[in-house]
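*Asks:*
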Amino acid sequence: MKRKLIKKIKAKREAKKLIPKLFEKARLAYKKGNKKLYKTYSKKIKYLYMKYKIKLPKILKRQICKHCDSVFLYGKNCRVRTREHKLIIYCLECKRFTRIPLKAKKNNKNQSNITTI
Ligand SMILES: [Zn+2]
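Heads up: the sequence shown runs through residues 40 to 156, numbered per the numbering used here.
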């Protein structure tokens, strides 16, 4: 049992390191025009974080399409707009939207500093 657990933890660690590299590889493949490779890389990213239950950071999470799992290349692959306090990302691969609410932080330290000065 212990050996199995250690194996799982090691695999998770390796997957965490692999994911950012896969993002770069997918982007390179898209720029070179190899769409098949691009799709395989972007599907592998989803496979890894689903299998090992990795919680992606916000920055990485906004770079994947929710619906078709493709990696976004801002300006080429998707369209980003702000509307009614929401960030709307339109995926050109599957032609669907993802909406992210933009909320101002309540305890913003920078703002309080400006008011005191
Ligand atoms: Zn999509």
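Glycine is no exception: its CB is placed at the ideal position from the N, C-alpha and C atoms.
Can you name the start and end residues of the alpha helix (DSSP H) that isoleucine 48 belongs to?
*Replies:* Per DSSP, isoleucine 48 belongs to the alpha helix (DSSP H) from 41 to 71.
*Asks:* Quick check: the segment 78 to 88 against the segment 60 to 67, are at least 3 beta-carbon pairs closer than 8 Å?
*Replies:* In short, these stretches touch, since the Cβ pair count reaches three.
*Asks:* Please state the DSSP three-state secondary structure of leucine 95.
*Replies:* Here leucine 95 sits in coil by DSSP.
*Asks:* Per the DSSP calculation, leucine 126 is bridged to which residue(s)?
*Replies:* Its beta-bridge partners are Thr121 and Ile139.
*Asks:* Give every residue of the same chain whose Cβ lies closer than 6 Å to the Cβ of arginine 120, excluding the five residues on either side of it in the sequence, and list them in chain order.
*Replies:* Excluding residues within five positions, the ones whose Cβ falls inside 6 Å are Ile127.
*Asks:* Where lysine 55 and cysteine 133 are concerned, what is the direct C-alpha to C-alpha distance, given to the nearest angstrom?
*Replies:* Their Cα atoms are separated by approximately 27 Å.
*Asks:* Using a Cβ-Cβ cut-off of 8 Å (strictly less than) and excluding sequence neighbours within five positions of isoleucine 156, which residues of its own chain qualify?
*Replies:* Because isoleucine 156 sits at a pLDDT of 44, beneath the cut-off of 50, its placement in the model cannot be relied upon, and the following sentence gives the value as read from the coordinates. Correct list: empty, nothing qualifies.
*Asks:* On the CB-based measure, 16 or more other CB atoms within 10 Å of its CB, does threonine 154 come out buried or exposed?
*Replies:* Its pLDDT being 48, under 50, threonine 154 is placed unreliably in this model, and the coordinates cannot settle the point.
*Asks:* Please indicate yes or no: does the CB of arginine 135 lie closer than 7 Å to some heavy atom of ligand 1?
*Replies:* True, at least one ligand heavy atom lies under 7 Å from that Cβ.
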